[in-house]
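Q: Supplied in structure tokens, the structure appears directly below.
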Amino acid sequence: MGFGTMLMLAVSIAIGLMFLLAMYGEEEGPGIVNALFRFFFFRFPEWFRGMIKAILGERVLAGFDYTLNYVFNECNPLVQIFYMVILLGSYVIFVRDAYTNIPNDYAAGYHKFLGLGVFYVCLSSFAATSFMDPGIITARNALGLCNYYEYDEAIFSNPNAICETCQTRKPARSKHDSRCNVCVARFDHHCIWVNNTVGLRNHRYFLLFLLSNCLITAYGAFLGATVMLHKIDESNLMKATFIDMKTGERVSASWTVVVRYLFAQNGMLSVVLCLCTGMCPILFGFFGWHIFIAAQGTTTNERDKWKQVSYYLKKLKKEGKEVPDVRNVYDKGVLSNLREVLFPPDVDQFIANTMDKPSTKRRKDKRT
Ligand SMILES: [Zn+2]
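In terms of numbering that gives the first Met the number 0, the sequence shown opens at residue 0 and continues consecutively.
This is how it looks when you write it as structure tokens:
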């Protein structure tokens, strides 16, 4: 396996593990996951900054901090461009190096067109999630949205709250996205891959974006493997004798030797194959996680809020005080919760028939 291939595989696994840590880790709390979270997200960055300051000086450290802040905390297209380069580059390599070996004994010719179809879904769901209005709250729709989602008196309790930046009312389940500088209805999270907020209107496209990336990596791994198997059969590699370039020794074929030979002969395709194989299970993990959250009638943002509520309730219990009975009022059952995400209400419907009064009523009469 070449150095580039190993590096690509290591980087993709590391990115995936960092995402998993960011999702599951907590700043406080016991266990190996939380300890790793604290190490990678607090101690290591602090140590690294200290090293930069000690070796390169304060000005370089300021530049480093500014760059990190710009890439990860401000609205910018850098990560979007990075994704497009990886996706387009991988597909071009695949068309050049793999499509020329399809059909083969393991994959029929129609896979070329099916692959193109999945690639198209990747691109279009990426564009839809990136560029469409995620459900921006305006002065015209704010009151309607306030009436649509009830205030649960647990994680959303102030029907009169006003966003200081947007100067609009803050409906339950909404949040101000400081990167995009807008308040968004049923806010889920800000996604740096699409450089946009994921909210009421584009949540379903975000799920499709995740699913299409799961499929394209699974498909890439499968088709790449069929091409490699085809090359083994075509050149009868399992019966060949190889010469070790370093020692000059003659080596008989084994799976390890053949795989190393194939990777050396098909460098770029091997990198794409490893990238797909490494990222596929991680992406399926993300997709499953987001479907699980949606099925529970909650959002990434609300899960964070519930963590705080749970911490507070535990504290009350410890102190022997009365613990209030709180539950997720937005959970209407798995099917209804998924329907809410996949077929969201039209934000424009909230512009008409809005009443200038906050409501804590259920929304049952507001959908028509
Ligand atoms: Zn706002």
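All residues carry an ideal CB built from backbone N, CA and C; glycine is no exception. All values derive from a computational prediction rather than experimental measurement.
Keeping to the same chain, check which residues put their C-beta closer than 7 Å to that of residue 346; ignore five residues upstream and five downstream.
A: Excluding positions up to five away in sequence, the list reads 134, 140, 184, 199 and 200.
Q: Please state whether the Cβ-Cβ distance between residue 268 and residue 97 is less than 9 Å.
A: A contact, by the Cβ cut-off of 9 Å.
Q: How about the segment 42–56 and the segment 312–332: do they share at least three Cβ pairs that are nearer than 8 Å?
A: No, because fewer than three Cβ pairs between the segment 42–56 and the segment 312–332 fall closer than 8 Å, the two stretches do not touch.
Q: Helix, strand or coil: which one does DSSP assign to residue 251?
A: Looking at residue 251 - three-state DSSP - the assignment turns out to be strand.
Q: Taking 5 Å as the limit, name every residue whose beta carbon sits nearer than that to some heavy atom of ligand 1, in sequence order.
A: Output, sorted by chain position: 162, 164, 165, 175 and 182.
Q: What would DSSP say about residue 174, mapped onto helix, strand or coil?
A: Note: residue 174 maps to strand in three-state DSSP.
Q: Where do the ends of the beta strand (DSSP E) carrying residue 195 lie?
A: Its beta strand (DSSP E) spans residues 195–197.
Q: Using the DSSP secondary-structure output, state which residues sit across from residue 240 in a beta bridge.
A: Beta-bridge pairing links residue 240 to 251.
Q: Alpha carbon to alpha carbon, how far is residue 124 from residue 207? Give it in angstroms, no decimals.
A: When rounded, the distance between both Cα atoms is 6 Å.
Q: Ordered along the chain, which non-local residues of its own chain (more than five positions away) have a Cβ less than 7 Å from that of residue 249?
A: Here the set comprises 240 and 242.
Q: Taking the CB atoms as reference points, tell me whether residue 94 and residue 218 lie closer together than 9 Å.
A: No; because the gap between Cβ atoms is not below 9 Å, this pair is not in contact.
Q: Decide yes or no for the touch test of the segment 147–156 against the segment 324–333: beta carbon pairs closer than 8 Å, at least 3 of them.
A: Contact holds: three or more Cβ-Cβ distances are below 8 Å.
Q: Can the beta-carbon of residue 298 be found less than 9 Å from the beta-carbon of residue 204?
A: No, the Cβ-Cβ distance between residue 298 and residue 204 is not below 9 Å.
Q: Alpha carbon to alpha carbon, how far is residue 350 from residue 344?
A: Straight-line Cα distance between these residues: approximately 12 Å.
Q: Would residue 210 pass as a contact of residue 130 if the rule is Cβ separation under 9 Å?
A: No, these two residues do not count as a Cβ contact at 9 Å.
Q: In chain order, what residues of the same chain have a beta carbon less than 7 Å from the beta carbon of residue 212, not counting five sequence neighbours either side?
A: Taken in chain order, the residues that qualify are 121 and 282.
Q: Rounded to the nearest angstrom, what separates residue 40 and residue 234 at their Cα positions?
A: Roughly 49 Å separates the two Cα atoms.
Q: If you measure from the CB of residue 116, is any heavy atom of ligand 3 nearer than 8 Å?
A: Looking at this structure, you won't find ligand 3 anywhere; what it does contain is ligand 1.
Q: Report the three-state DSSP secondary structure of residue 350 (helix, strand or coil).
A: Here residue 350 sits in coil by DSSP.
Q: So what does DSSP say about residue 168, is it helix, strand or coil?
A: If DSSP states are grouped into helix, strand and coil, residue 168 belongs with the strands.
Q: Going by the CB atoms, is the gap between residue 45 and residue 33 shorter than 9 Å?
A: Not closer than 9 Å, so no.
Q: Does the Cβ of residue 226 have 16 or more other Cβ atoms within 10 Å, making it buried, or fewer, making it exposed?
A: Looking at its Cβ environment, which holds 16 or more other Cβ atoms inside 10 Å, residue 226 is buried.
Q: With burial defined as no fewer than 16 other Cβ atoms inside 10 Å of the residue's Cβ, what is the status of residue 10: buried or exposed?
A: So residue 10 ends up on the exposed side.
Q: Please classify residue 255 as buried or exposed, where buried requires at least 16 other C-beta atoms within 10 Å of its C-beta.
A: Residue 255 comes out exposed.
Q: For residue 13, name the three-state secondary structure that DSSP assigns.
A: Helix.
Q: From which residue to which residue does the beta strand (DSSP E) around residue 183 run?
A: Start and end: 181–183.
Q: Please classify residue 170 as buried or exposed, where buried requires at least 16 neighbouring CB atoms within 10 angstroms.
A: So residue 170 counts as buried.
Q: What does a CB cutoff of less than 7 Å around residue 137 pick up in its chain, not counting 5 residues either side in sequence?
A: Within the same chain, residue 137 has close Cβ partners 167.
Q: For residue 257, which residues in the same chain have their Cβ closer than 7 Å to its Cβ, ignoring the five residues on either side in sequence?
A: Taken in chain order, the residues that qualify are 231, 236 and 237.
Q: Any Cβ of chain D within less than 9 Å of the Cβ of residue 80?
A: The structure shown contains no chain D; it holds only a single protein chain.
Q: Mark residue 366 as exposed unless 16 or more other C-beta atoms lie within 10 angstroms of its C-beta, in which case mark it buried.
A: Interpretation of residue 366 is limited by its pLDDT of 39, a score under 50 that renders its predicted location unreliable; no figure is taken from the coordinates.
Q: Quick check on DSSP: helix, strand or coil for residue 292?
A: Reduced to three states, the DSSP call for residue 292 is helix.
Q: Let me check understanding here. Comparing Cα to Cα, which of 126, 305, 179 and 174 lies closest to residue 80?
A: Selected option, being the one with the closest Cα: 126.
Q: So what does DSSP say about residue 92, is it helix, strand or coil?
A: Helix at residue 92.
Q: Report the start-end ranges of each alpha helix (DSSP H) in the segment 66–149 that is 4 residues or longer and not cut off at the edges.
A: Counting whole runs of 4 or more residues, the segment 66–149 contains the alpha helix (DSSP H) stretches 77–96, 110–130 and 141–147.
Q: Buried or exposed: which applies to residue 155, given that a residue is buried once 16 or more other Cβ atoms fall within 10 Å of its Cβ?
A: It is buried - the Cβ of residue 155 has at least 16 other Cβ atoms within 10 Å.
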